Every structure is written in structure tokens, then in C-alpha cells.
Amino acid sequence: MLVQSNHIHTFRLRMIETTSYTLIDGKKVSTDIKTEIMQRVAERKEQGKKLPHLAIILVGDDGASQTYVDNKVKSCKSVGFHYTMMRFADTISEEKLMKHIDHVNNDDDVDGFIVQLPLPSHISVEKITEKIRPDKDVDGFTNQNFGSIISKSPLLMPATPFGVMELLRRYNIETEGKHAVVVGASRIAGAPLSMMLTEQAHATVTICHKYTKDLANFTRSADILLVAVGKPGLITGDMVKEGAVVIDIGTTRVEGPQFAKGWAIKGDVDFKTVAPKASFITPVPGGVGPMTIASLLLNTLRATELQHP
Ligand code: NAP
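Take the sequence shown: its letters are residues 19 to 327, numbered as in the working numbering.
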């Protein structure tokens, strides 16, 4: 009896020691998607069809927004899209910005456009977003595109959740009937993601937010845990079930002398304690982040295909 019990003990120990996770490589998947887009652009060119054209509206001179926009322009160039940058001073009135949006809405040569957020406080993000023509809304932020997630044929899906769904799909992660727990319920990340997981992936979904009592009670029951809060290290190893799939959407710039550049981008998940328990996990950076730009490109291509079949 004693020998048998020791044997079980050793076996358990070995199981724990050999636990390993698969790192979900968003950088690689986004590169694959860009290659696929390039092929589709080349085909359109060969067939004499219009090439995708993305316009980017940037208001003010916020450094982080400039970096995001530069990356979007670089990505457009890399896949052969046309692009137009439209810059405005942060003193522009809401009314004037609305007029520019109208102009882009009516410009047949522009297939999709985005208004880079944040906007100055005197401009209503909601009013500006709703002014964008839904079939040109390649960020997928308008009410119509949000609502179309639950239709049989969604128009243009919110870019970040679309990227997350693409990661789950390309890593063959089983979602049907699984318990997906989404932490964070914002309009651009958590809320649309929870709808996509229900409608498109047939998961059973729980949404948590800042009023959720005993968050760990919910996260521990997740087969798939998806976190979009903006609080570095919110999710620790003790809050995660053994074998869970963990998707970290959070990206927060944390400053400190311990980082080579004086700052680093951190996710919402404490990777060190969570990864050993996970079956699949996204790193930050290099997980969901690169997928958001890939989704923007996919949406732009789709907008072109819809407007210029
Ligand atoms: P947000 O609008 O501030 O929303 C945060 C959400 O988290 C809200 O629903 C909030 O609840 C909830 N929350 C706050 N504290 C919480 C807590 N202690 N426990 C549980 N939930 C809590 O932020 P967001 O725009 O969704 O962005 C979230 C994070 O994702 C940020 O780090 C952002 O940078 C990142 N992000 C990354 C990408 C990417 O491309 N990788 C794209 C988008 C966002 P309430 O609704 O009750 O306020």
C-alpha cells in the first residue's frame, strides 16, 4: 500500500514538473494574415480592381497616438494599400471635424477610415463615431457594427475582439460549450468580445466588471479567461484554473528604473504565476496587440470588397 501511494505521489510530482503551455504568438499570426492580405491585393490588381484605401484622421499631437498611427501607416504600406493621413490641430471644433468626416464618407476613393482616439475633451467621441459611415467604419466602433455582431452577416467587426477570435480560431482552441469569462466590459473590447464568444464561438459567457464581487470566484471557473481591464497584474496564478486558456488584452505603460527604456508595456495577467497553470496564453507585448492592426487591415480589405466587388 505504502509503495503504491509513493508511486502515485511521484507521478503527481512529475505531472506538475512537466506542465507546459503553448504561447499564442500574435506577431506570427498577424504576419501570416498580412501575407494573405498581400495575396488578395495582388489578385485584385491583376483583375484590374480598385485597391484598398484607408484614411486616418489624427487630432492633436499626442505622442502615443502618433506611434499607433505610424504603425498603422507602416502596415498599410507593407500590404500594398493606399493610405491618406489627415491631421488636425487639437483646437479644431467638433462641427468642423464632423464636416471632414462627411467629406471622407462621401469620397468614393476612400474605402475605410478611422478617427484615432483619444480626442480632445471638447469633442464627443460618441458623436464623431456615429458620424462614420458603418460600411467605412474599419475600427468597427459604430452602434450599427456593434449590433451587427449578433446578426447572421456582421458588417465590420470591432478590431480588437475580432483579432482575439482569430487567435482562438487559428490555434484551434475549442470554444463550443466552454465557459468563457471576460473580465472588463468596455464598448471596444470586453462587451463586443463577449457577444462574439456567444454568437460565433458558442461559448457560455460570463462578463465581469469593476462591480463584480469576488472576481476570483468567476475567473477560477473559466475554461477560457479573457482580460481587458488596464490594471497590470490583476490576474494572478491563484485566480486561474489548471489548463485554462488565457488571453491578455491589457496594455498599460508602466514606468520604472528596472526597465531598460525606463518603461515597459504590461498586461493585466501576471504572466509568471499564471503561465505555468495555463494550456495556452498570450504574451504582452506580442499577443493580442499585433492582431488589432491585422484586423484593421482585414476590415479595410472587406470594406473595399463590399464597396467595389
Ligand atoms: P476601459 O474602457 O477603461 O474599460 C475597462 C473595463 O474594465 C471596464 O469595463 C471596467 O468596468 C472594468 N474594470 C475596471 N476595474 C476592474 C476590476 N478591478 N475588475 C474587473 N473589471 C474591472 O478600457 P478598454 O479600452 O477596454 O481597455 C482595457 C485594456 O485593454 C487597456 O489596458 C487597453 O490599453 C487594452 N486594449 C488593448 C488593445 C490592443 O490592441 N491590445 C485594444 C484595446 C484595449 P466598468 O465597466 O464597470 O467600468
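Think of the CB as a built atom: it goes at the ideal place given N, C-alpha and C, for glycine as much as any other residue. Only a predicted model underlies this, so the values are computations on that prediction, with no experimental measurement involved.
Looking at C-alpha atoms only, which residue of the options is the closest neighbour of residue i?
i	options	result
M116	L72, L211, I141	I141
E112	K145, Y101, D126	K145
L316	M104, N124, I51	I51
G181	S38, E323, V47, S139	V47
G255	L72, T85, A296, T291	T291
T222	A177, T193, G98, T147	T193
V199	K259, A60, Q276	K259
G130	H121, T109, D153	D153
R151	N124, V59, A278, S83	N124
D80	P275, R62, L186, R105	R105
T40	P308, H326, L314, A293	A293
L174	E184, M183, Q162, L185	Q162
Q57	P172, S83, L319	L319
Q218	G78, Q325, S171	S171
V122	K92, G98, M103	M103
P179	V264, G251, A207, H326	A207
By the DSSP assignment, the beta strand (DSSP E) with residue i in it spans what residues?
i	result
F131	130–133
L76	71–77
L284	Just to set this straight, residue 284 is Lys in the shown sequence, not Leu. Residues 281–284.
M103	100–106
V272	270–273
L244	242–245
In the DSSP output, which residue or residues are listed as bridge partners for residue i?
i	result
A262	A296
L1	With the chain running from 19 to 327 in the structure shown, residue 1 is simply not present.
How far does the alpha helix (DSSP H) with residue i in it extend, from its first residue to its last?
i	result
A82	81–97
D315	Note on identity: in this sequence residue 315 is Leu, with Asp being the wrong assignment. From DSSP, the alpha helix (DSSP H) with L315 extends over 307–325.
M56	44–64
F277	It is not in any alpha helix (DSSP H) - F277 carries neither H nor E in the DSSP assignment.
T254	T254 -> no alpha helix (DSSP H), and no H or E assigned at all.
T237	233–237
Quiz item: In the region 154–224, which residue ranges form an unbroken alpha helix (DSSP H) of at least 4 residues, counting only runs that do not cross its ends?
Solution: 161–165, 177–188, 208–217
Practice problem: Would you mind listing the alpha helix (DSSP H) stretches within the region 110–151 that are 4+ residues and don't spill past its ends, in chain order? | Solution: 112–124, 143–149
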